[in-house]
Structures are given as C-alpha cells and as structure tokens.
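Just so you know, we're using the numbering used here here: the sequence shown kicks off at 408 and counts up by one.
Where is the CB? At the ideal position from N, CA and C, for every residue including glycine.
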Amino acid sequence: MIRVFDHIDALINDAAERLVAAAEESVRSRGRFILALSGGQSPLPLFQILARPPYHDKSFWRDTFIFWCDERYVPLDDERSNAGTAMRVFLNHVAVPQKNIAAMYIEGVNAEQAAEIYGARVTKLLGADQLHLDLALLGCGKDGHTASLFPGSPVINETSSPIRAVNPPQSQVPRITMTPVLLNLSRIIMFIVYGNEKSEAVHAVIEGPPDPIKYPAQIILPTSGELVWLLDREAAVLLGPDSNGAD
Numbered sequence: 408m409i410r411v412f413d414h415i416d417a418l419i420n421d422a423a424e425r426l427v428a429a430a431e432e433s434v435r436s437r438g439r440f441i442l443a444l445s446g447g448q449s450p451l452p453l454f455q456i457l458a459r460p461p462y463h464d465k466s467f468w469r470d471t472f473i474f475w476c477d478e479r480y481v482p483l484d485d486e487r488s489n490a491g492t493a494m495r496v497f498l499n500h501v502a503v504p505q506k507n508i509a510a511m512y513i514e515g516v517n518a519e520q521a522a523e524i525y526g527a528r529v530t531k532l533l534g535a536d537q538l539h540l541d542l543a544l545l546g547c548g549k550d551g552h553t554a555s556l557f558p559g560s561p562v563i564n565e566t567s568s569p570i571r572a573v574n575p576p577q578s579q580v581p582r583i584t585m586t587p588v589l590l591n592l593s594r595i596i597m598f599i600v601y602g603n604e605k606s607e608a609v610h611a612v613i614e615g616p617p618d619p620i621k622y623p624a625q626i627i628l629p630t631s632g633e634l635v636w637l638l639d640r641e642a643a644v645l646l647g648p649d650s651n652g653a654d
C-alpha cells in the first residue's frame, strides 16, 4: 500500500493512527505489542506526537516491547544514539515498562558480540519459529538504504541471522541492524519518507527494476505481512499514477 499526503502533518497523523490500531489489535489478540523503531530524522515527528495527548496515555503501552531496527554502536547518552533520542523524545513520556525496552548498545562488549546477544534476546521473546514483529518502522535514505542495510552490503542477502553488526560506508562508528530475515517476518512494515531529496530513491525502490544490492530498501518485502509506504507529495513526485495513491 502506498499513500501520499499533501502535508507532513497529515502523514504523521496517519502513521500514529496506524500504529495505535496495530498496537490495540496486537494486545487484544496476543497480549502484547512488539514494536521495532528506526532512527534518523524521519520518525522524530511521529515520536513527538505519540508522546503527547491523545496517544501518550494509551493502555497498550504497558504491554508494549520496544526493539530497534538499527543503531549506531554508541552509548545511549551519545547524541548519535537512536535509542537515546527515542527515549528522550518519546519513550520517557509513555508507560512502556523499562524492562520491555531493549537497546542495542551493551556496555563492555563490541558490536559483533552485541549483535549476537540482541539476536538471542529477540529470538527468546518472539520464539525461534515465529520471529514476528508486530510493527517495524522504517525510513529510506537518499541512497536507498533502510535500517543499516547499505548499498553493496553482504548483509542485504543474509539468510540466517536476524541481527548483524555492520560497518557503514564513510563512518568510523559500527552499527547493528535487523536483517531481512527478521524484518520481512513483520506483521506490518511501515515506511515513513518525506522530502524532495528522497524522491529519486523512492522512485527507484518502488518502481525501478529489482536491484536490492544497489537499493537495499527493495529487499523489504514481508512474507505474509502488510507493507505500507507513507509519503509526502515531494517524496512521491517521481512516482507514476499507478503508484501515486494520493490522499
């Protein structure tokens, strides 16, 4: 599903309503809501709205478990930390139990070791045979990357490990990322993408020929779940009329 909005506010409101609907259905059906967050600038407006009325005091937060789709391997008090940002902007303002929040950074171990530990934690909670996140929130970079799946990375074709450590291009900071093995088992995958600078990547990922090594976001195709792209008009400007489902 692709939805295009004239204004970012409308996009973010729609994303919030979708998240709430998914959470309430998950808690009603399975007794818990497993949410995987992304980093970067794109989800910040969503985090901000979820931290305020009417969303901040929803009852489902008490049954929510938080993971991250990817993370720079830095402590939470580092300004580059996705988890640290989400805590300050969002999670400190809702009733998710602290024990249900699983940051990727682990003091005293390297990124590779932390990836193994995180993978084991995810597998233990979800069940080795049912690695179903209820909702994975993703963005798309100007180069077509998503999570920390960057163009040319061998992790794009990972077939066994749910979590991997990666060394992104042009960065000295290692990262940890969920792999397609885990992401594609999500019940809902929701991309939030806005801004004209993302338009070429959006066009290539959605309408271009399949080439996930060049455009890693193409590898995100849920096996049985729902794929939702929420775009503003600028990000969707290069899409053809069949893809450009305007609101």
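- C-alpha of V600 to C-alpha of P504: approximately 29 Å in a straight line.
- Exclusion of the five residues before and after P575 leaves S555, F557 and R582 as the residues of its chain whose Cβ lies within less than 7 Å of its Cβ.
- Rounded to the nearest whole angstrom, the C-alpha separation of N489 and S445 is 7 Å.
- Distance from the Cα of E614 is smallest, within the candidate group Q625, D413 and P587, for Q625.
- For the pair F440 and S449, the CB atoms are not nearer than the 9 Å cut-off.
- Exposure of H414 is indicated by the presence of fewer than 16 other C-beta atoms within 10 angstroms of its C-beta.
- Annotated as proximal: L545 and L590, with beta-carbon spacing under 9 Å.
- Remark: three or more beta-carbon pairs, one from each stretch, lie closer than 8 Å, so the segment 471-478 and the segment 535-550 are flagged as touching.
- Contact between V501 and A458 is confirmed by a C-beta separation of about 7 Å, below the 8 Å threshold.
- Residue pairing for W475: DSSP places it in a beta bridge opposite L444.
- For F454, the enclosing alpha helix (DSSP H) has its first and last residue at L451 to L457.
- With a 10 Å radius around the Cβ and a threshold of 16 neighbouring Cβ atoms, N499 comes out exposed.
- Following the DSSP letters along the chain, one finds I415 inside the alpha helix (DSSP H) bounded by residues I415 to R437.
- In this structure, the beta-carbon distance from V612 to R410 does not fall below 9 Å.
- Per DSSP, the beta bridge partners of D639 are F412.
- With contacts defined as CB atoms closer than 9 Å, A608 and G559 fail to qualify as a contacting pair.
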